Structure formats: structure tokens, C-alpha cells
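2 protein chains.
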Amino acid sequence: MIVSDAPATAVAAFTTNRVKAAPVVLGQERLRGGRVQAVLVNSGNANAYTGADGLAVAREMTALAAARLGIADARLVVPSSTGRIGVQVPRAKLRRGVRAAVAQLSPDGFHDALDGIMTTDAFPKFGVRQAPARRTAGHGRRAGEGAGMIAPHMATLLVYILTDAHVSRPALRRMLMDALPRSFNAIVVDGDMSTNDTVLLLANGAAGNRLLTPRSRQFGAFAAVIAELMRAVARMVVTDGEGATRVIDVVVRGARTPADAARVADAIARSPLCKTAFYGGDPYAGRVVCAAGYSGARFDPARLDVHLDDVQIVRRGVEVVRAVERRANRVAAKPAFTLTLDLHAGRARAERMVSDLTVDYVRFNSDYRT
Amino acid sequence: MIVSDAPATAVAAFTTNRVKAAPVVLGQERLRGGRVQAVLVNSGNANAYTGADGLAVAREMTALAAARLGIADARLVVPSSTGRIGVQVPRAKLRRGVRAAVAQLSPDGFHDALDGIMTTDAFPKFGVRQAPARRTAGHGRRAGEGAGMIAPHMATLLVYILTDAHVSRPALRRMLMDALPRSFNAIVVDGDMSTNDTVLLLANGAAGNRLLTPRSRQFGAFAAVIAELMRAVARMVVTDGEGATRVIDVVVRGARTPADAARVADAIARSPLCKTAFYGGDPYAGRVVCAAGYSGARFDPARLDVHLDDVQIVRRGVEVVRAVERRANRVAAKPAFTLTLDLHAGRARAERMVSDLTVDYVRFNSDYRT
Numbered sequence: 012m013i014v015s016d017a018p019a020t021a022v023a024a025f026t027t028n029r030v031k032a033a034p035v036v037l038g039q040e041r042l043r044g045g046r047v048q049a050v051l052v053n054s055g056n057a058n059a060y061t062g063a064d065g066l067a068v069a070r071e072m073t074a075l076a077a078a079r080l081g082i083a084d085a086r087l088v089v090p091s092s093t094g095r096i097g098v099q100v101p102r103a104k105l106r107r108g109v110r111a112a113v114a115q116l117s118p119d120g121f122h123d124a125l126d127g128i129m130t131t132d133a134f135p136k137f138g139v140r141q142a143p144a145r146r147t148a149g150h151g152r153r154a155g156e157g158a159g160m161i162a163p164h165m166a167t168l169l170v171y172i173l174t175d176a177h178v179s180r181p182a183l184r185r186m187l188m189d190a191l192p193r194s195f196n197a198i199v200v201d202g203d204m205s206t207n208d209t210v211l212l213l214a215n216g217a218a219g220n221r222l223l224t225p226r227s228r229q230f231g232a233f234a235a236v237i238a239e240l241m242r243a244v245a246r247m248v249v250t251d252g253e254g255a256t257r258v259i260d261v262v263v264r265g266a267r268t269p270a271d272a273a274r275v276a277d278a279i280a281r282s283p284l285c286k287t288a289f290y291g292g293d294p295y296a297g298r299v300v301c302a303a304g305y306s307g308a309r310f311d312p313a314r315l316d317v318h319l320d321d322v323q324i325v326r327r328g329v330e331v332v333r334a335v336e337r338r339a340n341r342v343a344a345k346p347a348f349t350l351t352l353d354l355h356a357g358r359a360r361a362e363r364m365v366s367d368l369t370v371d372y373v374r375f376n377s378d379y380r381t
Numbered sequence: 012m013i014v015s016d017a018p019a020t021a022v023a024a025f026t027t028n029r030v031k032a033a034p035v036v037l038g039q040e041r042l043r044g045g046r047v048q049a050v051l052v053n054s055g056n057a058n059a060y061t062g063a064d065g066l067a068v069a070r071e072m073t074a075l076a077a078a079r080l081g082i083a084d085a086r087l088v089v090p091s092s093t094g095r096i097g098v099q100v101p102r103a104k105l106r107r108g109v110r111a112a113v114a115q116l117s118p119d120g121f122h123d124a125l126d127g128i129m130t131t132d133a134f135p136k137f138g139v140r141q142a143p144a145r146r147t148a149g150h151g152r153r154a155g156e157g158a159g160m161i162a163p164h165m166a167t168l169l170v171y172i173l174t175d176a177h178v179s180r181p182a183l184r185r186m187l188m189d190a191l192p193r194s195f196n197a198i199v200v201d202g203d204m205s206t207n208d209t210v211l212l213l214a215n216g217a218a219g220n221r222l223l224t225p226r227s228r229q230f231g232a233f234a235a236v237i238a239e240l241m242r243a244v245a246r247m248v249v250t251d252g253e254g255a256t257r258v259i260d261v262v263v264r265g266a267r268t269p270a271d272a273a274r275v276a277d278a279i280a281r282s283p284l285c286k287t288a289f290y291g292g293d294p295y296a297g298r299v300v301c302a303a304g305y306s307g308a309r310f311d312p313a314r315l316d317v318h319l320d321d322v323q324i325v326r327r328g329v330e331v332v333r334a335v336e337r338r339a340n341r342v343a344a345k346p347a348f349t350l351t352l353d354l355h356a357g358r359a360r361a362e363r364m365v366s367d368l369t370v371d372y373v374r375f376n377s378d379y380r381t
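Which chain is which? The protein sequence lines are P and W, in order.
Whatever position you read off the first sequence (first residue = 1), add 11 for this note's numbering.
Whatever position you read off the second sequence (first residue = 1), add 11 for this note's numbering.
Have a look at this one:
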């Protein structure tokens, strides 16, 4: 449970999956008010595909939390769930959990809350940054659960970004929306998208700074800190991808349009052939070129350049990996490297942070039943 | 090498990958003429991503074949290649191969040709059918190479459908285009698409039947035989998918539009989570519902029905797998079963034949370097 002394200004991004978990449906409704004072998170049951009953439980639990916390309006409480889907939430158990969480609330409980939302994560994901704001320094704090596309039944990307800065809602919204394409929307473990994904950004103004708006002089610097924080935590999520042994930064540049850049980056990020080549440490240019080719993006294959870090493996459409084989192999064997494609078709760009597809990924997801 | 005594009426479908192999570029050019007398296939080198040199080699080899075969116009010869991509074709070796193939031509050489185009295939894929045509019976014969999305470097779906019936080009085109969506365009091993995929349909008229046109009384029956043959061979390709242990027929019905039906079917067919669940023999409805949800298709999740063969595991949006667990487990453990989703949003339908994602798939594709 995350509780603010006063209602915080809030913005959020939720899963675009048509099948939305009950807490997402309720969260979307409540975010319309623009204020959130408490977030109630449970793991073990995603409350997804649970129909009207699931929604009723979510409402009931936030009402109980509000009552126990002395928050007058239950609409200031937002729920999040992660865990099994298609199973009704055990009401009594959750009720006990809400009471216990309220009883254990503490100003120093940040890491306990972080532990509480972990499911199949190998490590907790969080970061703390200082960001500049006029008069006094607000700071951003953030707890992220690296489930999401990683532990896909237990399975959700639940991200909470907290700041005590005083920030207007339009400013918060712009920070979040600007940072998403290069952070949580830029990560691909297996390309599946959960029913529960939630990114919530709360600013409660306790720092007492002058209101930060999109026109404030510090807006850019503050937004940059939030963006960097989101990106850092998103990278932790990929690093902790199921069975992952490498993190590859896929950079596509020189595309005609941002959509074309994204098509190429996503095709590579999702291609089982590229992802198994990453796993094998194989600088196999052909698979990458092939995926770019079927991505739907418009470009001239005869102008394509491909680099592994600073080693060029395709030059103007001709594979040259054999000439640089030793250096290319060395890059491909690293736990992290950058794969850059230049389409020479325009100026648009896209980036993805991608994990490899491994034997352990298949083992885990074929053995694991929720 | 496949040679007809006389030029055959020809239609073809090629890969839509933007990166097209030289033989595909040349094949597309030559198919404009509508007549093909010989097909020249090599394996070991895909002649893809080989630039102007690759195209020159492809032209040269078809010219050599034409000269050796006594075909006056080299434009009646179509090349196909499968194998490594991004490597220049060894000219001298290919030249020797063309001469050897011509020398070994024989009316009984069907299975030798089939062996010749196999790469990583575990078994040859072919079928023979009789189809009705007026006056005399033409018959369809077909050799398929199950590489394609299966052995993706060595790697191409090369399909040749041969009939001695006398068929008009519009009739051939309609047969091919009508049959593709439920055969070679409906199979998903890993979702990657080769630079060389080719499906060629040749009718040389040696059977002497009256010309079959789209208006002929036997058109429907003849087309049905071709369609059934294509579907049967496409299924062999999935069965021989790398590391595959199961073939799943994914059927989506009740979609608003054919595009929506295809979106849902493709999302499931490509989802690593669904495909590892298939491997694990796990009737996990949640992953399937989740993939349908993020597919982009419009439907109401609360109306969704899901069946494994005849066992209903989701009813009107509620997972009921626990009530039928033993029966559902039994179906999911079979080497082949049908997964049916009814979206109850319209009347459109799509089907995919899908292999599972296995530990052996990852092993093979991470160890294997071309």
C-alpha cells in the first residue's frame, strides 16, 4: 500500500489490451478525477477476466482501505493486482490483507512495499532521483514491479512513480507521455502484453515548491530526471526478463517516419530468430535484415547499414560480417550491446530494449501453470 | 530441376518481404509473361542480399539451363534458391550443378527432385491428387519444400504445384489466390518470413482436356482439389517445424471482419506465451484470451467462448477450465488439436496451423549458424 498524507495530483498509463483487469477498469475511472491519495496493490491474483464480481471486489477493497485510512472519498484509492488471471479473488483473504497493510504502514516502509509487489522477479526494481524545482527541491521516487511481460500470468508491469514536488496535471501528463516511448513502451521481453499493466505518476506537493507547469523554467530538467528514472527502471525489467542472458539495445535510425522506425525495431525485438541468435551470441546479420524486410517499413535494402556496437556488419546492403568476424563475435558475446540499423530513408528513429529468447524462457513458460 | 515438354501456363505467389532474393526478383519479372517451361532450384545458397551480382548469376544460370534444355527463350526458366543468405553464389559450382541436373533429367525423377530441394527438412513433403476436368482427367502433382519459416536461413518455403490439365491463367490465379489464405499463408512456425518464399502453380495442358476456365462447370471441383492438396502439404510443413511437438489448428470465428479474425489468429499463433503453453500441454485459457485482447481486433471479452477440440474452457468471458480440467488436459496433451475462439462479434473467420515453441527450437536456432 502506498499512501500520501494529502491527495496527490495523478496521471497514469494503462494496458491497451482489450481484456482489462478489474483494477485497470476501476483505475481508469478514478484517474479521471485527477487525484489519488492511496494505491492498494495485491499479488497472487490479477483480478482479470473475473467479470462483474471482480469489479465489485476491487471497489469493495478500495472502500475498505479508504475507511481504514480515514480517506473520506474511496475514489481517491486506486487498486492494482498481479497474479493468476481468470480466477475469482478470495474476498476474505484480501480484506485481511488490506487491514494488515494499513496496520503496517510506515514512513520507512518503501522497501517493504517493493517486496510486497514482487512476484517472479529475481530482484526489486527501483530508483531514486533528485529533480530540480523552484524554491525547494522536489524529488522523484519510484517503485517498479518487473513482472509484466516477464512473468506473464503472475504478470504485470506495475510502476509507481512518486514525487513530493508540486506539479500541475498537464505537466505530469506530458512528463509521463514523453517518457513512455523510450522506457516502458520500449521494452520487449516476449512481446506479450498483460491485462494489468499500469504506470502511475503521483505528485503530492509536500515539497512546497512553486507549482511546476509545462511553462516553468525547470520543467525540462525535471521531466528529464523522470524520463531517465523511468528508462533506468525499464532496463532493470528487461535485465530480469525470464531466462534472459543479454539485453540488446535495438536502435533504428534514418527511417521515413516514426511508425516505420517502430515497425523495424518491433519486428527485430519480437523475431524468435533474432532473439535466439542473440542468445547464441551469433552476429547473424541475415536474420536482422530479414526481419526489417518483413516489418512493413518502407526502405531500400541496398542502402541499409547495420552495426553491432561500433562494428559494422552490413554496409550499404552488403553483409560484411566475415571481414570483421572476430570483433563482431566479441560484441555479440557481451551481456549487453547495441544493434543499430540505419535505413537511410529519412530522419525518424526508434529504440527498443530487448532480452534474448533462451532455453530457460521456454522451460519456465511451458512448465509454469497458474 | 522441373521441366515441362511444352511451356506451361503459370501463376505464382512470392514473399512480401521487402528484402527479396535475386531468384524472387527474377521470378516476378518472368511470371509476367505467364508461361514457364522449367524451374531451376538450388539449395545451399539463397542468393539473397547479394546485390546486382546475385541477380546476374540467377540470369546466367537460367540462360545456361535454357540452352542445355533446348528452350529457345530463357525467360521461360524460373530460378529458386534456398540456403545461406548474404553470401555470393559460387558461379562455377552452380554451373556444374545445372549441367548435372540436365543430364539426370528423367520422367520418373519426381522424388529425386524432391530430395534435391530438402535442406533441414526431416521428411519430404508432397502429395498427388486427381482432379476432374472435362473430356479427360488432368491431375495435380506437387512438391513442397518444408524449409521456409522452419529452417529460416537454409530457409525458404519453395512450393511447386504441377498439373497436366489445360487451365486458363485466370482460373489458375483464382485457384492459387483462393487457396493460399487457408494453406501456406495460414501456417506459423515462428512468424518470421523468408526472403525467398515462392509458390508456383504450373499447368501444361498435356492431359488434353477442354480448357478449364473460372466459368467451367468443373472449376469448383478442380479448385477444391488444388486447395486441399495445398492445405495438406502446408500442414506437413508445420508438423516438420523446428523442434515442434504439436500442431494446433487455431480457428477464430464470429469476428467483425476478416482482418479482425486474422489479427486474433495471428496474435495467438505468434505469442511465445501461447506457444510455450502448447508445448507444455497446458490448457491455459488466460494466455489465449490475453493475446486476443492485445491483437487489435474489436470484440467484447465478456462474450468470448473458447474450446479445445469439443471441450469448452471459456464460456461467455468466464474461464471454466477448472470444471473440465481432466478433459481439457487430455486434449492439450495430444499431438494435434483445435483451439477455437468465438468472438460473437460478427461472421468473419480465420484459421492458422501453428507449431509449439520448444526447447529444441531455441537450441537449434541459437546453435545453428549459416
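In this text, a Cβ means the ideal position worked out from N, Cα and C, and glycines have one as well.
The structure displayed is predicted, hence computed values, not measured ones.
> In chain order, what residues of the segment 56-68 of chain W put their CB closer than 7 Å to some CB of chain P?
Replying inline: 60 and 62
> Nearest-angstrom Cα distance between residue 268 of chain W and residue 347 of chain W?
Replying inline: Residue 268 of chain W and residue 347 of chain W: Cα-Cα distance of roughly 27 Å.
> Hey, how far is the Cα of residue 310 of chain W from the Cα of residue 186 of chain P?
Replying inline: 32 Å
> Which whole-angstrom value is the C-beta distance of residue 193 of chain P and residue 362 of chain P, which I expect to be below 8 Å?
Replying inline: Contact between residue 193 of chain P and residue 362 of chain P holds: CB atoms are separated by about 6 Å, below the 8 Å threshold.
>> Quick check on the burial criterion: 16 or more other C-beta atoms within 10 angstroms. Buried or exposed for residue 154 of chain P?
In response: At residue 154 of chain P the pLDDT is 46, less than 50, meaning the model places this residue with poor confidence and gives no usable figure here.
> Which term fits residue 318 of chain W, buried or exposed, when burial requires 16 or more other beta carbons within 10 angstroms of its beta carbon?
Replying inline: By the neighbour-count rule (16 or more Cβ atoms within 10 Å), residue 318 of chain W is buried.
>> Taking the alpha carbon of residue 59 of chain P as the reference point, which residue from W/375, W/353 and W/329 has its own alpha carbon closest?
In response: W/329
>> Here's the rule: buried if 16 or more other CB atoms are within 10 angstroms of the residue's CB, otherwise exposed. What is residue 115 of chain W?
In response: exposed
>> Tell me the residue span of the alpha helix (DSSP H) that contains residue 73 of chain P.
In response: Note, residue 73 of chain P: alpha helix (DSSP H), 62-80.
> Is residue 176 of chain P helix, strand or coil by DSSP?
Replying inline: Residue 176 of chain P: coil per DSSP, three-state reduction.
>> Judging by CA-CA distance, which residue of P/63, P/64, P/66 and P/86 is the nearest neighbour of residue 74 of chain P?
In response: P/86
>> Residues in the same chain with beta-carbon distance under 6 Å from residue 358 of chain P, minus the five sequence neighbours each way, listed in chain order, please.
In response: none
> For residue 345 of chain P, does the three-state DSSP call read helix, strand or coil?
Replying inline: coil
> Out of curiosity, what's the CA-to-CA distance linking residue 62 of chain P and residue 313 of chain W?
Replying inline: If you take the alpha carbons of residue 62 of chain P and residue 313 of chain W, they lie about 7 Å apart.
>> What are the residues in the segment 358-380 of chain P lying within 7 Å of chain W by C-beta distance?
In response: 368, 369, 370, 373, 374, 376, 377, 378 and 380
> Nearest to residue 182 of chain W by alpha carbon, out of W/173, W/208, W/230 and W/219?
Replying inline: W/230
>> For a minimum of 3 consecutive residues, which ranges assigned as the beta strand (DSSP E) are wholly contained in the segment 89-159 of chain W?
In response: 136-141 and 150-157
>> When you compare the CB of residue 1 of chain P with every CB in chain W, is at least one pair closer than 7 Å?
In response: Summary: the structure shown does not reach residue 1 of chain P, with chain P confined to residues 12 through 381, and so no result is reported for it.
> Is residue 205 of chain W helix, strand or coil by DSSP?
Replying inline: Three-state DSSP puts residue 205 of chain W in coil, outside helix and strand.
>> Need the endpoints of the alpha helix (DSSP H) that residue 9 of chain W sits in, please.
In response: A question about residue 9 of chain W goes unanswered here, because the residues of chain W that appear run from 12 up to 381.
> Beta-carbon of residue 300 of chain W versus every beta-carbon of chain P: anything under 7 Å?
Replying inline: Residue 300 of chain W counts as touching chain P.
> Among W/220, W/225 and W/191, which residue has its Cα nearest to the Cα of residue 25 of chain W?
Replying inline: Residue W/191 is the option with its Cα nearest to residue 25 of chain W.
>> Taking DSSP's pairing of strands, which residues face residue 366 of chain W in a bridge?
In response: W/258
> What is the rounded straight-line gap between the Cα of residue 278 of chain P and the Cα of residue 202 of chain W?
Replying inline: 10 Å
> Which residues does DSSP pair with residue 336 of chain P in a beta bridge?
Replying inline: Beta-bridge pairing links residue 336 of chain P to no other residue.
>> By the DSSP assignment, the beta strand (DSSP E) with residue 319 of chain W in it spans what residues?
In response: 316-319
> Is any heavy atom in the ligand HEM found nearer than 6 Å to the beta carbon of residue 373 of chain P?
Replying inline: The ligand HEM is absent from the structure shown, which contains no ligands of any kind.
> residue 42 of chain P touches chain W at which residues, Cβ-Cβ below 9 Å?
Replying inline: Result: empty, since nearest Cβ-Cβ is about 20 Å, beyond 9 Å.
> Considering only residues of the same chain and omitting the five flanking positions on each side of residue 304 of chain P, which have a CB-CB separation below 8 Å?
Replying inline: 312
> Nearest-angstrom Cα distance between residue 327 of chain P and residue 189 of chain P?
Replying inline: Rounded to the nearest angstrom, the two C-alpha atoms are 33 Å apart.
> So, using beta-carbon positions, are residue 30 of chain W and residue 300 of chain P closer together than 7 Å?
Replying inline: yes
> What residues match up with residue 353 of chain W in a beta bridge as DSSP calls it?
Replying inline: W/264 and W/316
>> Considering only their Cβ atoms, is the gap separating residue 292 of chain P from residue 232 of chain P smaller than 7 Å?
In response: no
> Does the distance from the CB of residue 375 of chain P to the CB of residue 265 of chain P come in under 7 Å?
Replying inline: no
>> Let me see if you follow: with CB-CB separation under 7 Å, is residue 330 of chain P close to chain W or not?
In response: For residue 330 of chain P, the closest Cβ of chain W is nearer than 7 Å.
> Nearest chain W C-beta to residue 257 of chain P closer than 7 Å, yes or no?
Replying inline: no
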